[in-house]
């Protein structure tokens, strides 16, 4: 695996992802951890859906003592559910502390791990590691695990202690009496897949994984298929049931959605519910995303072919595309919502002679001005020097983060020349962390109320090596005075997150032109909105109470009740079937019907304009 994008915030990133976490929905990747790293935030993890990778680390122990089951829904290098690689002394010439014990993993200590449903074990090049060869791996692999292979290297540069005499079997995860391996498969009476002991009465229920405390499907240590409120089931209860008396499908009040290996009453925030009862991050074919009144999102079958949607990187025909370039940028023209992600890399703006791709020009980025939502992530590690901010995304409201960069980040800004963010419409980051680092000129990072944009407790802003805040403040780079709570995305009246007083168009203003100034305005929800052009500005009192021509206090020209008009109707047909209407203005400026209406062409009009 490649080194972390931001070594200085790498540990913080892991802490935010896994603090107080029991079930990891994807893979657990612990890489490039220094010897002094405190990893206590891993101690609650009990289940990993994908694989576990511990690699390129100097840390001496990884506290996964509560991990019971690795499901292997995704595998490392397509084969391994557990991979422990290259944890040890820094390579020759690397920094090693004189006199200190050599770094690197010393024991696995996975004392609760009793189930790997799919995938093998790969343990290589860990010079300090002991006890990888005192584990009966066969006991941990599920009986139907087709990939139950072990590639375990025991070359080490230290002597290992034997298992503790307290272990009744000669198998252990470490030298202490608490590290004995508990066997739950190879010791069972004939025919049961998992057990808590050798007697036939010790067998676990067939829906158990990892072992059990008794014979029922509520006694399992983990579930083989689905956990439904503490009971292990083959399926979650269906959302609809079939009534055989009335021959109709009825909604099932006990119905549940499947989320990972759990049954849930509703899908977690940022996931989409499907009509087959699953929680997903991408709707199936011939389905479209629908947002309900309460903000929950679901996939709905399209009655006719689904409307064309804009795909981003990582999706459909852009699945393998690394970056936005001049070759693909027109795909995004006019898109309000992009299904997928956007990434801007140095190659975006340098072009690629090999594939005959011209460099992206700053003005081409204006295609993103209509964009309001990205379902994946936004990653920017290159940007034109001529643009001081990211204001081409000024209408972007939501970054959902259903797919995260490096499995962690919904927004990454690195090594850019920008001086402010300019993302003034951004109101939500649905999932994932924000990483802003090595932007030497960037101010206005801490004037954004990030916590209001986040939607779950595992989200945070990670930042390093940007322009020092003291320098920004010293140069007077602060929010416009009319920004509420000192929150903004950059300098000036258009970059406030909210206004302390009123908003006119995109600018925060001290007051609306209700009593003076032109054009006169009225106030609605702290917005200054213009009166109709046919309203007459009043002196010292309100000119209008809405934007329509029938919402004026007085008319600038004439009144054709109830509307203010520039002139009275003269031979106007309201529609094809009506007679033409003729009116004249009386002394008060009110339009009155002419005494006669003529139905054909009326060339001779009197001084009032009547035929």
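In full-length UniProt numbering, the protein residues as written are 1 to 611.
Each residue gets a CB set at the ideal place from its N, CA and C atoms; glycine is no exception.
Predicted model only: the values in this text are computed from it and were never measured.
Quiz item: Where does residue 92 sit, in a helix, a strand or coil, going by DSSP?
Solution: Any answer about residue 92 is weak, because its pLDDT of 49 lies below 50 and its placement is not dependable; what the coordinates show is given next. Correct three-state label for residue 92: coil.
Quiz item: If you count every other CB in all the chains shown that lies within 10 Å of the CB of residue 321, and 16 or more means buried, which is it?
Solution: buried
Self-check item: Boundaries (first-last residue) of the alpha helix (DSSP H) holding residue 472
Solution: 469-474
Quiz prompt | Inter-stretch contact (C-beta, 8 Å, three-pair minimum) for the segment 241-249 and the segment 208-224 | solution = no
Exercise. Spell out a yes or no on whether the segment 297-304 and the segment 325-341 are touching, meaning 3 or more CB-CB pairs, one atom from each, closer than 8 Å.
Key: no
Quiz item: Do three or more CB pairs link the segment 338-355 to the segment 369-388 at distances below 8 Å?
Solution: yes
Practice problem: Select from 555, 261 and 59 the residue whose C-alpha is nearest the C-alpha of residue 50. | Solution: 261
Exercise. Give the DSSP-derived three-state secondary structure of residue 18 in the structure shown.
Key: helix
Practice problem: Specify whether the segment 106-115 and the segment 57-69 touch according to this definition: at least 3 beta carbon pairs, one from each stretch, less than 8 Å apart. | Solution: yes
Quiz prompt | Limits of the alpha helix (DSSP H) - the one that residue 77 falls within | solution = Neither: residue 77 is in no alpha helix (DSSP H) and is coded neither H nor E.
Quiz item: Just checking, does the segment 430-442 make contact with the segment 410-417 on the three C-beta pairs under 8 Å criterion?
Solution: yes
Practice problem: Express the C-alpha separation of residue 443 and residue 475 in angstroms, rounding to a whole number. | Solution: 10 Å
Quiz item: For residue 35, which residues of its own chain have a beta-carbon under 7 Å away from its beta-carbon, when the five flanking residues on both sides are left out?
Solution: 58, 59, 60 and 103
Quiz item: Is residue 330 helix, strand or coil by DSSP?
Solution: helix
Quiz item: For residue 77, which residues from the same chain have a beta carbon less than 8 Å from its beta carbon, with the 5 sequence-adjacent residues on both sides left out?
Solution: 83 and 122
Quiz item: Sorted by chain position, which residues of the same chain lie with C-beta nearer than 8 Å to residue 107's C-beta, five sequence neighbours on each side aside?
Solution: 61, 129, 130, 131, 173, 174, 175 and 179
Exercise. Tell me where the beta strand (DSSP E) around residue 196 begins and ends.
Key: First-last for residue 196: undefined, no H or E at that position.
Practice problem: Could you have a look at residue 364 and say whether DSSP puts it in helix, strand or coil? | Solution: helix
Quiz item: What is the rounded straight-line gap between the Cα of residue 617 and the Cα of residue 515?
Solution: Only positions 1 to 611 of the chain appear in this structure, which leaves residue 617 out of reach.
Exercise. Can you tell me which of the three DSSP states residue 391 falls into?
Key: helix
Quiz item: Which residues in the same chain as residue 4 place their Cβ atom closer than 6 Å to its Cβ, once the five residues preceding and following it in sequence are excluded?
Solution: 10 and 32
Quiz prompt | Extent of the continuous alpha helix (DSSP H) run through residue 346 | solution = 346-350
Self-check item: Among 168, 193 and 191, the one whose alpha carbon lies nearest that of residue 182
Solution: 168
Self-check item: Beta-carbon contacts of residue 596 that lie in its chain and below 7 Å, excluding the five residues immediately before and after
Solution: 611
Quiz prompt | Assigned exposure category for residue 583 - 16 Cβ within 10 Å defines buried | solution = buried
Self-check item: Unbroken alpha helix (DSSP H) run spanning residue 592, endpoints
Solution: Residue 592 -> not in any alpha helix (DSSP H); beta strand (DSSP E) instead, spanning 591-593.
Exercise. Report yes if the CB atom of residue 195 is closer than 8 Å to the CB atom of residue 205, and no otherwise.
Key: no
Quiz item: So, do the segment 39-49 and the segment 18-30 have three or more beta carbon pairs nearer to each other than 8 Å?
Solution: yes
Quiz item: Taking the Cβ atom as the reference point for each residue, do residue 499 and residue 508 lie within a distance shorter than 8 Å?
Solution: yes
Quiz item: DSSP three-state call for residue 453: helix, strand or coil?
Solution: helix
Quiz item: Smallest Cα separation from residue 149: which of 156, 137 and 534?
Solution: 137
Quiz item: Which term fits residue 55, buried or exposed, when burial requires 16 or more other beta carbons within 10 angstroms of its beta carbon?
Solution: buried
Quiz prompt | Exposure of residue 420, with buried meaning 16 or more beta-carbon neighbours within 10 Å | solution = buried
Quiz item: So what's residue 445 in DSSP terms, helix, strand or just coil?
Solution: coil
Exercise. Check whether the Cβ atoms of residue 349 and residue 309 lie closer than 8 Å to each other.
Key: no
Self-check item: 8 Å contact criterion, which residue 591 and residue 585 should meet: CB distance rounded
Solution: 6 Å
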